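1 is the number of the first residue of the sequence shown in UniProt numbering; add one for each residue after it.
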Amino acid sequence: MPPMSASNWSLHSQLKKDTIDIGDLPLCKVLVIKDAHYPWLLLVPRRDGAVEIIDLDEVAQAQLMTEITRVSRALKEVTKCDKLNVAALGNLVPQLHVHVIARRTSDAAWPRPVWGVMPPLAHDAEEVQNFISALRRKIWLG
1 MPPMSASNWS
11 LHSQLKKDTI
21 DIGDLPLCKV
31 LVIKDAHYPW
41 LLLVPRRDGA
51 VEIIDLDEVA
61 QAQLMTEITR
71 VSRALKEVTK
81 CDKLNVAALG
91 NLVPQLHVHV
101 IARRTSDAAW
111 PRPVWGVMPP
121 LAHDAEEVQN
131 FISALRRKIW
141 LG
């Protein structure tokens with residue numbers, strides 16, 4: 001099997017539709033889910049054909065964990081959340097992506113998973129830009 005390449009990689013159309021791009025780390029594209037109910041990020045490794053974490057070589061797997069940690073710490077610091085949910089599911093979108101969701105005991109889905117509990121709520125433009133700016137600083141995206 002040839003090594004996975006970033007050169008043929010493109011973001012899945014559903015992820016493109018459901019997110020706001022906030023920048024690139026060495027391996028992953030960092031995205032904000034368009035749902036103001038939850039501070040919710042996605043990390044998408046830029047590797048063509050990656051569906052599972054095990055599809056990445058060991059070096060990329062280690063880089064993914066480093067980036068998950070960096071983003072998780074930043075999200076926790078920015079949101080002061082009660083709990084972080086980190087998951088790579090991909091049941092509906094096969095492209096490998098990792099959810100990093102800041103949860104509060106007061107959120108609409110607590111303590112259940114966030115999927116399907118509430119229809120997505122559009123972000124206030126100014127609030128989401130402030131959130132993105134704070135995250136970009138903490139994640140070292142600029």
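Virtual Cβ for every residue (Gly too), placed ideally from N, Cα, C. All values derive from a computational prediction rather than experimental measurement.
- Rounded to whole angstroms, R112 and R137 show a C-alpha spacing of 30 Å.
- When D21, Q95, V98 and A102 are compared, the shortest CA-CA separation from L84 is found for A102.
- Within 10 angstroms of the beta-carbon of T69 lie fewer than 16 other beta-carbons, which makes it exposed.
- A60 counts as buried, since at least 16 other C-beta atoms from the protein chains shown sit within 10 angstroms of its C-beta.
- Across the structure, S10 and V98 are spaced so that their CA atoms are roughly 16 Å apart.
- In terms of Cα proximity to A74, the closest of P39, I53, P94 and I33 is P39.
- Taking one beta carbon from each stretch, the region 85–94 and the region 19–27 have fewer than 3 pairs nearer than 8 Å; the two do not touch.
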